[in-house]
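J.:
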Ligand SMILES: Nc1ncnc2c1ncn2[C@@H]1O[C@H](COP(=O)(O)OP(=O)(O)OP(=O)(O)O)[C@@H](O)[C@H]1O
Ligand SMILES: [Mg+2]
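Residue numbers (the numbering used here), protein chains in the order written: chain A, 193 to 425; chain B, 837 to 1097.
(1) Out of B:1010, B:966, B:996, state which residue places its alpha-carbon closest to the alpha-carbon of residue 328 (chain A).
(2) Got a sec? Which residues, its chain only, sit under 8 Å from residue 908 (chain B) by beta carbon, not counting five neighbours each side?
(3) Report the residue from A:288, A:394, A:355, A:320 whose alpha carbon sits nearest the alpha carbon of residue 203 (chain A).
(4) Looking at the unbroken beta strand (DSSP E) that takes in residue 1066 (chain B), where does it start and where does it end?
(5) Cβ of residue 1032 (chain B) less than 8 Å from any chain A Cβ?
(6) Short of 6 Å in beta carbon distance, which residues of its chain neighbour residue 978 (chain B), apart from the five on each side in sequence? Order them along the chain.
(7) Identify the residues that DSSP records as bridge partners of residue 865 (chain B): which are they?
(8) Can you tell me whether residue 386 (chain A) is buried or exposed, with buried defined as 16 or more other CB within 10 angstroms of its CB?
(9) Using 7 Å as the cut-off, classify the Cβ of residue 810 (chain B) as near or not near the heavy atoms of ligand 1, replying yes or no.
(10) Below 8 Å CB to CB, which residues in the same chain sit around residue 370 (chain A) once its five sequence neighbours on both sides are set aside?
(11) Just checking residue 1018 (chain B) against ligand 2 - is the residue's beta carbon closer than 7 Å to any of the ligand's heavy atoms?
(12) Taking its Cβ as the centre, do 16 or more other Cβ atoms sit within 10 Å of residue 896 (chain B), making it buried, or is it exposed?
(13) Specify whether the segment 965 to 977 of chain B and the segment 938 to 946 of chain B touch according to this definition: at least 3 beta carbon pairs, one from each stretch, less than 8 Å apart.
(14) Taking the alpha-carbon positions, what's the residue 323 (chain A) to residue 360 (chain A) distance?
(15) Within the present structure, is the beta-carbon of residue 321 (chain A) separated from the nearest heavy atom of ligand 2 by less than 7 Å?
(16) Heavy atom of ligand 2 less than 7 Å from the Cβ of residue 1049 (chain B), yes or no?
(17) Would you please verify whether the beta carbon of residue 410 (chain A) is less than 8 Å from any beta carbon of chain D?
(18) How would you write the range of the beta strand (DSSP E) that residue 302 (chain A) sits in, first residue to last?
(19) Can you tell me which of A:320, A:354, A:352, A:353 puts its alpha carbon nearest to the alpha carbon of residue 338 (chain A)?
(20) Output needed in chain order: residues of the segment 375 to 395 of chain A with a Cβ under 8 Å from some Cβ in chain B.
(21) Please confirm whether residue 1045 (chain B) and residue 1014 (chain B) have their CB atoms less than 8 Å apart.
(22) From residue 257 (chain A) to residue 302 (chain A), what distance separates their C-alpha atoms?
(23) Are the beta-carbon atoms of residue 315 (chain A) and residue 355 (chain A) separated by less than 8 Å?
(24) State yes or no: is the C-beta of residue 873 (chain B) nearer than 7 Å to some heavy atom of ligand 4?
(25) Going by DSSP, what residue range makes up the beta strand (DSSP E) through residue 1074 (chain B)?
(26) DSSP three-state call for residue 922 (chain B): helix, strand or coil?
(27) Inspect the beta-carbon positions of residue 294 (chain A) and residue 286 (chain A) and report whether they are closer than 8 Å.
(28) Taking residue 1062 (chain B) and residue 1043 (chain B) to be in contact with their CB atoms under 8 Å, please state how far apart those CB atoms are, rounded to whole angstroms.
(29) Classify residue 1104 (chain B) as helix, strand or coil using the three-state DSSP reduction.
(30) Where do the N-terminal and C-terminal ends of the beta strand (DSSP E) with residue 1048 (chain B) fall, by residue?
(31) Could you tell me how far apart the beta carbons of residue 277 (chain A) and residue 225 (chain A) are, in whole angstroms, since I believe they sit closer than 8 Å?
(32) Threshold first: 3 residues or longer. Then list the beta strand (DSSP E) segments lying entirely within the segment 205 to 235 of chain A, N to C.
(33) Below 8 Å on the Cβ atoms is my contact criterion, and I expect residue 331 (chain A) with residue 980 (chain B) to pass it. Report the Cβ-Cβ distance as a whole number of Å.
(34) For a test of the three-state rule: what should DSSP assign to residue 994 (chain B), helix, strand or coil?
(35) When the cut-off is 8 Å and only beta carbons count, does residue 859 (chain B) lie next to chain A?
(36) I'd like to check one pair, residue 199 (chain A) with residue 384 (chain A): are the Cβ atoms closer than 8 Å?
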């Protein structure tokens, strides 16, 4: 083995900048996808519990379908197939944006929101039935009861599983390199092919992924603690 | 007109509204699957009246009052409130529920909100009341039920009796026209029962229309206008508290009274 380590080459200068650019894209695509998958996941979970049959069926189909298809297939699906499934206007708008990025966000959102929906649903189910009843009895609509009474309690309970979904999403975001999104893994790969110093490049990427994950858990835990202080059961 | 004003609010209202029942339960039937839980229930409640509903466990008391604010739907018959069917498609169910408050056996306060926010949530969201107005009303109500000093605590920090008084204040904050009570004192330790009953007695004296499922016979004697006895989904006996306690006609009423008195 006469592999010459050259950390300086990979971590500084142009290649170092590539890693930072990749990191920024990873953070961006993860943040945007987490945001949307929380919203979509909540809606899908509430659909499931709405007692409106078509919404329940839609929710069931959604979660089953997207949880049971590989993420990579979905990424390719939205990248190559969006022409066929999305309205023309939406596609034209997407093409004007960063299309790879958008396809990646859609795939990550759709995939992760199916898991998040299940977490939220089990959180909602763990709130005693009498809470919904008491809020409806005061005249709150179903949506209001969910927003002000049920979900705030449910989210408290499901913060740990939600964090792990956020972390999964961040790690899964490396797959969007396959459609040319220039995120962290893509950049590490680029560095490898320019310098043949793949070990350093991927070690750096690994450390960065770990740092992101730890930061996310830390932030959400702090948030949770803050909530715990204000919420006494 | 002058004569009218000198009458107590209760008698006055009864005199005026005699022609039209305030709340009318007509031929109500309900099934849970094959189980006939309410059988041909007929009952009218006038404005300002206090109706006490008692009967053995499983007789359908809770189900009956829950039909009045449509927490349960009925299968046959009709319930009229202020002369209008509550099942009419034009009735906004959230509006109806804002007008008919309910207090549950288990309090059912929102554990993640302070006492004050428990009370102001519905007035702000349903009645679209400004926050400071809702809060001042909430504080007034808390004062009325004797726990103004607990406004900023969470439900879990309160005793059962205090929680139930918050629940009553929460229902009253919507300015309901009718109040339903489903065994409000039966989850309480004995020493806390009276603090809740006193609040309910005050309400009754203020002229609130009330349907109370309760086995507190002292309460029934003191403030009920009428008592009905339910058994196996039917109203077996009805009458003034006096008649009901001293002179029940039905064997099962007698047996029931013997058991609880
Ligand atoms: N959602 C439901 N589904 C099926 N059966 C029900 C349901 N709710 C109540 N029942 C049944 O209907 C009957 C009447 O119930 P209800 O709660 O009205 O009785 P109750 O008179 O209030 O009794 P208790 O004094 O125990 O509260 C009971 O036998 C109960 O098991
Ligand atoms: Mg009951």
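Yeah, the Cβ is synthetic: ideal placement off N, Cα and C, and Gly gets one too.
In this text, all values refer to a predicted model and were calculated from it rather than measured experimentally.
T.: Taking the geometry as given:
(1) B:1010
(2) 866, 899, 902
(3) A:394
(4) Element bounds for residue 1066 (chain B): 1062 to 1067.
(5) No, residue 1032 (chain B) does not count as interfacial toward chain A.
(6) 984, 987, 1005
(7) B:912
(8) Result: exposed.
(9) Any answer about residue 810 (chain B) is impossible in this case: the structure gives chain B only from 837 up to 1097.
(10) 264, 267, 268
(11) yes
(12) buried
(13) no
(14) 32 Å
(15) no
(16) Checking the Cβ of residue 1049 (chain B) against ligand 2 gives yes.
(17) Considering every chain present, this structure includes no chain D. Its protein chains are A and B.
(18) Careful: residue 302 (chain A) lies outside any beta strand (DSSP E), inside the alpha helix (DSSP H) at 291 to 317.
(19) Residue nearest to residue 338 (chain A) within the set A:320, A:354, A:352, A:353 is A:320 (criterion: CA-CA distance).
(20) none
(21) The answer is yes: Cβ separation under 8 Å.
(22) 10 Å
(23) no
(24) Of the ligands this structure carries, namely ligand 1 and ligand 2, none is ligand 4.
(25) 1070 to 1075
(26) coil
(27) yes
(28) In fact, because the Cβ distance is near 16 Å, the residues do not count as touching under 8 Å.
(29) There is simply no residue 1104 (chain B) to check, as chain B begins at 837 and stops at 1097 in what is shown.
(30) 1045 to 1049
(31) Incorrect: roughly 19 Å between the Cβ atoms, too far for contact.
(32) none
(33) The pair is not a contact, with the Cβ atoms about 21 Å apart (cut-off 8 Å).
(34) In the structure shown, residue 994 (chain B) adopts coil according to DSSP, grouped into three states.
(35) no
(36) no
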